[in-house]
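Every number in this note's numbering is 41 more than the matching position in the sequence shown, counting from 1. In what follows, a single structure is set out as structure tokens and then discussed.
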Amino acid sequence: MPTPVSAPMILNDSRSVPHLLVSSAATYAIALVDPRGLDRTSLRAYRAANSAFTAWMAWAVLSTETPDLSRRARAGAAVGGAALGLASARWSERLDGRMHERLSRWGVRRPRVLLAAGSTALGVLGWWRGRQDAAEDLRPES
């Protein structure tokens, strides 16, 4: 009898369609926020959301790609990813602002939506490529 799969197990499988849907929605939602217009409390919440998302993605990818890696090592990588996200927040937000301003100068009506769509598209492309690589790994060598 097959083992029932729980929602967290499916969402932590970085090659699953549910993971793609949830991670894409999170990417789009986070990228829609313009950090330049946030007050101090909102900016902290925005950065916390970014860091939590980075930690979850690190955990999910490592769980899928290297299942023999210990939970402790995966947790360390996830915490490291979150810390790196927090440490690079100001730099990342500056880059985001520059891209937003450049798109505005080029006449893009909704640069924030375009940035969110582009970020999401890159995530979908990475997910699709990961599935392609996994399928190639399963093919027998001739």
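Beta carbons: idealized from backbone N, C-alpha and C, even for Gly. Please read these numbers as outputs of a predicted model, since none were measured by experiment.
Endpoints, alpha helix (DSSP H) assigned at residue i
i    : result
D109 : Note, D109: premise wrong, no alpha helix (DSSP H); not H, not E.
E182 : Counting along the chain, E182 falls outside any alpha helix (DSSP H), and DSSP gives it neither H nor E.
L79  : No alpha helix (DSSP H) holds L79; DSSP gives it neither H nor E.
When the options are compared against residue i, the one with the closest alpha-carbon
i    : options               : result
V154 : H60, V120, Y69, A114  : Y69
S57  : R88, T95, T105        : T105
L73  : L166, S160, W168      : S160
M98  : L110, R85, A123, A114 : A123
L61  : G167, E142, R112, L84 : G167
Spatial distance of residue i from residue j (CA atoms)
i    : j    : result
S129 : Y87  : 13 Å
W147 : A157 : 17 Å
A67  : L79  : 19 Å
G121 : P108 : 19 Å
N53  : Q173 : 18 Å
Cβ neighbours of residue i in the same chain (closer than 7 Å, five flanking residues each side left out)
i    : result
I71  : A90, N91, F94
G164 : S64, S65, T68
Same chain only: Cβ atoms within 6 Å of residue i, ignoring 5 sequence neighbours per side
i    : result
E134 : P76
I51  : S57, P59
Heavy atom of the ligand ATP within 7 Å of residue i beta-carbon
i    : result
W169 : This structure lacks the ligand ATP, and indeed carries no ligand of any kind.
My parser needs the alpha helix (DSSP H) runs of 4 or more residues fully inside the region 120 to 181; what are they?
130 to 146, 152 to 179
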